[in-house]
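Take 1 as the starting number for the sequence shown in UniProt numbering and just add one per residue.
Glycine included, every Cβ here is placed at the ideal spot set by N, Cα and C.
In what follows, a structure is listed as structure tokens, so that the remarks can point back to it.
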Amino acid sequence: MQNLSGKAVTFEDVEQAAGRIRGYAVRTPLLQHPALDERAGAKVLVKPESLQRSGSFKFRGAFNCLNLIPEEERTKGVVACSSGNHAQGVAASARILGISATIVMPADAPRVKLDRTRDFGAKVVTYDRAHEDRDRIAAEICAENDATFVHPFNDPAVISGQGTVGLEFAQQADELGQKLDDVLACTGGGGLSSGIALALALKSPSTRFHTVEPELFDDYKRSLEAGVLLSNAARSGSICDALLSETPGEIGFSILSQLASEGLTVSDEEVLEAVAFAFRELKLVVEPGGAAALAAVLSGKLPVEGKTIGLVITGGNIDPDMLSRALSR
Numbered sequence: 001m002q003n004l005s006g007k008a009v010t011f012e013d014v015e016q017a018a019g020r021i022r023g024y025a026v027r028t029p030l031l032q033h034p035a036l037d038e039r040a041g042a043k044v045l046v047k048p049e050s051l052q053r054s055g056s057f058k059f060r061g062a063f064n065c066l067n068l069i070p071e072e073e074r075t076k077g078v079v080a081c082s083s084g085n086h087a088q089g090v091a092a093s094a095r096i097l098g099i100s101a102t103i104v105m106p107a108d109a110p111r112v113k114l115d116r117t118r119d120f121g122a123k124v125v126t127y128d129r130a131h132e133d134r135d136r137i138a139a140e141i142c143a144e145n146d147a148t149f150v151h152p153f154n155d156p157a158v159i160s161g162q163g164t165v166g167l168e169f170a171q172q173a174d175e176l177g178q179k180l181d182d183v184l185a186c187t188g189g190g191g192l193s194s195g196i197a198l199a200l201a202l203k204s205p206s207t208r209f210h211t212v213e214p215e216l217f218d219d220y221k222r223s224l225e226a227g228v229l230l231s232n233a234a235r236s237g238s239i240c241d242a243l244l245s246e247t248p249g250e251i252g253f254s255i256l257s258q259l260a261s262e263g264l265t266v267s268d269e270e271v272l273e274a275v276a277f278a279f280r281e282l283k284l285v286v287e288p289g290g291a292a293a294l295a296a297v298l299s300g301k302l303p304v305e306g307k308t309i310g311l312v313i314t315g316g317n318i319d320p321d322m323l324s325r326a327l328s329r
């Protein structure tokens, strides 16, 4: 099985990734809205990766990773595991680069994510999230064709690509003349969060970075507090399907254990409120897993009064029924 892991991630890797994705990934804006500032009692800068190509930040890491595959290996294809956003990021990147892609996805993934992954041209193999091992399934598929496995978060190239979110955040805040006190990001396996923390450490060193996870799926928060990798007891049970990683990735954890501040958690009800707030007030369509950081600010999980806060809305791939559920509350 080919794999692109095996080295530490540096700030220079993030800068090089920014060059590779330029012209393909969207440089998403930094938004500020009076309704959000008033609600939070702070100046809140929002980076909406829901507007990113394929509907989430995942395109950045996927494209950077696939771009690094040697030409002679590309004909063997790529394989990935994902609940949907990494799947779409890999599928979209593979189509651009002319690489075949097979994605292992949970059968209970949102229908919009399954359909869009197929629409990008990838082959989708479904599995039972509660009883089957997606990594084993992916390994078997890779072995058949000696394909390259693209891990959703525990890969240096993926982390470097996701880190461009943090690089842009720091640059755009500086362009606005704003100094960021805290930045929050929705966190699953930690690829995005570790990349952002790495970029901020160099570009905005006084900024505190916080992971945000669903309650009962707070493996990152607990791992950071314990100083060792811990896992979640359950594999499903939250509407935040994009954030239900079983345990933090080792590479990202090695970064966040040094650079992250207090981890935060939010309930599904708080997330639904954030989805509705984003739609009604910010005019943004946001999926539950992509709204966790916004939910943390709206529910007061972090003292922010009088501060300048940054948060990343990580994805907008939401089923219509889930959006309706949020808006009908």
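From residue i to residue j, what distance separates their C-alpha atoms?
i      : j      : result
Leu216 : Glu71  : 43 Å
Ala218 : His86  : The residue asked about is misnamed: residue 218 is Asp in this sequence, not Ala. Distance between the alpha carbons of Asp218 and His86 is about 20 Å.
Pro106 : Gly177 : 43 Å
Val285 : Arg222 : 30 Å
Glu250 : Gly316 : 27 Å
Thr10  : Ala17  : 11 Å
Ser56  : Ala226 : 30 Å
Asn64  : Val150 : 11 Å
Glu38  : Val46  : 14 Å
Asn3   : Arg22  : Because Asn3 carries a pLDDT of 38, less than 50, the predicted location of this residue cannot be relied on, and no value is offered for it.
Ala35  : Gly98  : 44 Å
Asn154 : Glu281 : 35 Å
Going by the CB atoms, is the gap between residue j and residue i shorter than 8 Å?
i      : j      : result
Thr247 : Ser231 : yes
Thr117 : Gly84  : yes
Thr164 : Val14  : yes
Ala91  : Ala122 : yes
Leu244 : Cys186 : no
Glu270 : Ser299 : yes
Cys188 : Gly252 : The sequence given here places Gly at residue 188; Cys does not occur at that position. Not closer than 8 Å, so no.
Between residue i and residue j, how many whole angstroms is the CB-CB distance? I'm expecting something under 8 Å.
i      : j      : result
Val212 : Ala292 : 4 Å
Asp181 : Thr308 : 5 Å
Ile196 : Gly166 : 3 Å
Val266 : Ala295 : 4 Å
Arg53  : Val79  : Their Cβ separation, rounded to whole angstroms, is 21 Å, which puts Arg53 and Val79 out of contact at 8 Å.
Ala199 : Val275 : Contact doesn't hold; Cβ gap of about 27 Å is too wide.
Is residue i helix, strand or coil when you go by DSSP?
i      : result
Arg111 : helix
Gly188 : coil
Leu294 : helix
Ala260 : strand
Val124 : strand
Just list the residues that DSSP pairs residue i with in beta bridges.
i      : result
Ala173 : Answer is none; Ala173 lacks a bridge partner.
His210 : Leu184
Ser56  : Gly315
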